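Note that this note's numbering has the sequence shown beginning at 895, numbered continuously upward.
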Amino acid sequence: MSQWEVVIGIETHAQLATVSKIFSGASTAFGAEPNTQACAVDLALPGVLPVLNRKAVDCAIRFGLAIGAEVAAKSVFARKNYFYPDLPKGYQISQFELPVVVGGAITVQVGSGDKAYEKTINLTRAHLEEDAGKSLHEDFHGKSGIDLNRAGTPLLEIVTEPDMRSSDEAVAYARALHALVRWIGICDGNMQEGSFRCDANVSVRRPGQPFGTRREIKNLNSFRFLKEAIDFEVQWQINEIEEGRKIQQATVLFDPDSGETRTMRTKEDAHDYRYFPDPDLLPLVISRDWMARVRSELPELPGQMRQRFVEQLGLSAYDATTLTASQEIAEFFESTVKIAGAANAKPCANWVMVDLAARLNKEGKELAESPVSAAQLGGLILRIADNTLSNNIAKKVFEALWNGEGASADEVIEKQGLKQITDSGAIEKLVDEVLAANPGNVAEYKAGKEKAFNALVGQVMKAAKGKANPQQVNDLLKAKLAG
895 MSQWEVVIGI ETHAQLATVS KIFSGASTAF GAEPNTQACA VDLALPGVLP VLNRKAVDCA
955 IRFGLAIGAE VAAKSVFARK NYFYPDLPKG YQISQFELPV VVGGAITVQV GSGDKAYEKT
1015 INLTRAHLEE DAGKSLHEDF HGKSGIDLNR AGTPLLEIVT EPDMRSSDEA VAYARALHAL
1075 VRWIGICDGN MQEGSFRCDA NVSVRRPGQP FGTRREIKNL NSFRFLKEAI DFEVQWQINE
1135 IEEGRKIQQA TVLFDPDSGE TRTMRTKEDA HDYRYFPDPD LLPLVISRDW MARVRSELPE
1195 LPGQMRQRFV EQLGLSAYDA TTLTASQEIA EFFESTVKIA GAANAKPCAN WVMVDLAARL
1255 NKEGKELAES PVSAAQLGGL ILRIADNTLS NNIAKKVFEA LWNGEGASAD EVIEKQGLKQ
1315 ITDSGAIEKL VDEVLAANPG NVAEYKAGKE KAFNALVGQV MKAAKGKANP QQVNDLLKAK
1375 LAG
């Protein structure tokens, strides 16, 4: 595999968060009966004219500003001509030579732990366009049905440079983009409903050689399928070339059941679509005032928040990236820190990313459904920090909060008598009793067996019902055994 370099670029269609379509007043709501949300404009009836949805342009501007791109002062809509049964006009209104967003970049974290690294993915462009309808094959024996509810739905097509070199990098980029469009409120990111779809352009080459012939894998609607499709396609292309066959440019589909890609059609190039400016739509002109208004409405961006978490809270880059994977996680973490204090930011991060995340995952819940609030978790972490609780007892308090057995950590501690024993006299008494009752372990420890010390610690903690301060137990035991 090291003899080959993988080259990947991704095109993403993000459905914009508007209540009506990009060129008509028809609803974009999901789940309606077929063809009940397609008006005269969407159906391309004679004499109808498109009118651009201002909210869709707002979304494009927000995205351009969020990725540090150039938002074009003037862009042009074009007709992309092709015949397909679910495309009523026989062309799609899109943008070609003059898109609304040019350039920009997204920096992603790839992998985890010691092997984690940052990668910057450069974007070529993002342009506004309308979606087509949908062909339905399953419900019609020997025929296809056409549902035009999606026709005219506003999309932002986001195109990267061929900067990714593995399926892991592609998935990291797709996840980061998915989080960003949700963060800035331009797309709900619902992949099952088709609101966020990725096409992966994949090719292979010998290192240092020109780009190979690419094949485009269409309509990948999960991160797992994106990785599986790219991995299969890469190996397939390598096998083809090594067996003396040439790769032909094509559009392919991924079959999740077989884990394989299959050719759908030979790939068209731009000239096949006969693009030309749409005569029914004036050029889109975005004024400085319009840009300034949208900029003022942007929230703090994930990259800015990550940097703040690292610089002000002392978190690692990995922790900061994980906590800004979505706005919900970031807000929960910040609310927890607000209660526990900035000095306890690292424990807050650990509880949110590990303990809380594991429990949510085990019960199949989303963060918004968590029975333990950020305020409750912050209160629990405070009691660990001031030595009221040991880490082990804290887990019992967390469990009680999860099960609704108290309104706060303090209430659970009081009700269940879980306050940590920190009185050195009380702990010393327990240590003396354990040493007297376990002469064998004492002799083993003095003979150099470290495991015997852990056994003694366990006996003291058992005698204290887990409530003794572990550090004090360790220190007192060592002092006694050294005497």
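From the three backbone atoms N, C-alpha and C, an ideal C-beta is built for every residue, glycine too. Quick caveat: nothing in here was measured; it's all calculated off a predicted structure.
The stretch 1034-1047 and the stretch 1055-1066 do not touch, with fewer than 3 CB-CB distances between them shorter than 8 Å.
By DSSP's assignment, E1051 forms a beta bridge with H907, H1021. A contact between stretches requires three or more CB pairs, one per stretch, nearer than 8 Å, and the stretch 1069-1087 fails this requirement with the stretch 964-981. The three-state secondary structure of V965, taken from DSSP, is strand. Runs of the beta strand (DSSP E) spanning 3 or more residues and lying entirely within the stretch 1144-1193 occur at 1144-1149, 1154-1160, in chain order. When the beta-carbon positions are compared, I1233 and L1276 come within less than 9 Å of each other.
Taking 9 Å as the cut-off, the beta carbon of R1108 is found closer than this to the beta carbon of V901.
Beyond the five residues adjoining it in sequence on each side, D1174 comes within less than 7 Å, by CB distance, of L943, P944 in the same chain, given in chain order. The beta-carbon separation of N947 and T912, rounded to 6 Å, stays under the 8 Å limit for a contact.
In this structure, DSSP gives M1058 an extended state, which the three-state scheme calls strand. In this structure, V1248 lies away from L1274, with their beta-carbon atoms at least 9 Å apart. Here the stretch 1147-1161 makes contact with the stretch 1111-1128; the two share three or more CB pairs at distances below 8 Å.
In this structure G925 is exposed. Its beta-carbon is surrounded by fewer than 16 other beta-carbon atoms within 10 angstroms.
Only buried fits G1027, as 16 or more other CB atoms lie within 10 angstroms of its CB. Cα atoms of S969 and H1031: separation of roughly 37 Å, rounded to the nearest angstrom. A Cβ-Cβ distance of about 17 Å is found for the pair A920 and G1088, leaving them out of contact under the 8 Å criterion. With fewer than 16 other Cβ atoms from the protein chains shown falling within 10 Å of its own Cβ, N1016 counts as exposed. Under the 10 Å beta carbon count, H1165 is surrounded by fewer than 16 other beta carbons and is classified as exposed. Counting of Cβ neighbours within 10 angstroms places E1225 among the exposed residues, the total staying below 16. Relative to the Cα of F1090, the nearest Cα in the group L1114, G1106, G1102 belongs to L1114. For E1205, the closest C-alpha among the options A1239, I987, Q1221 is that of A1239. Using a 10 angstroms sphere on the CB of K1372, the tally of other CB atoms stays under 16, which defines it as exposed. Comparing alpha-carbon positions, the option among A1330, S1029, L1217, Q1103 lying closest to L981 turns out to be S1029.
Of all alpha-carbon atoms in W1184, P928, E1012, the one lying nearest the alpha-carbon of G1039 is that of P928.
By DSSP's assignment, F971 forms a beta bridge with Q989. With fewer than 16 other CB atoms across the displayed protein chains lying within 10 angstroms of its CB, V1179 is exposed. Shown here for A1219: same chain residues with a beta carbon closer than 7 Å to its own, the five before and five after excluded, namely A1073 in chain order. Of all alpha-carbon atoms in Q909, R1156, I1278, D1057, the one lying nearest the alpha-carbon of I1000 is that of D1057.
Listed in chain order, the non-local C-beta contacts of R1156 below 7 Å within the same chain comprise V1146, L1147, D1149, local neighbours out to five positions each way being set aside. Counting C-beta atoms within 10 angstroms of its own C-beta, G1258 has fewer than 16 neighbours from the protein chains shown and is therefore classed as exposed.
With the rule of 3 Cβ pairs closer than 8 Å, the stretch 1006-1026 counts as touching the stretch 953-962. In this structure, the alpha-carbon of L992 lies about 20 Å from that of I904.
DSSP, reduced to helix, strand and coil, places Y976 outside both helices and strands of the structure shown, so it counts as coil. With contacts defined by Cβ atoms closer than 9 Å, A938 and D1172 do not form a contacting pair. In the structure shown, S1302 falls within a coil segment according to DSSP collapsed to helix, strand and coil. Taken through DSSP and simplified to helix, strand or coil, V1248 comes out as helix.
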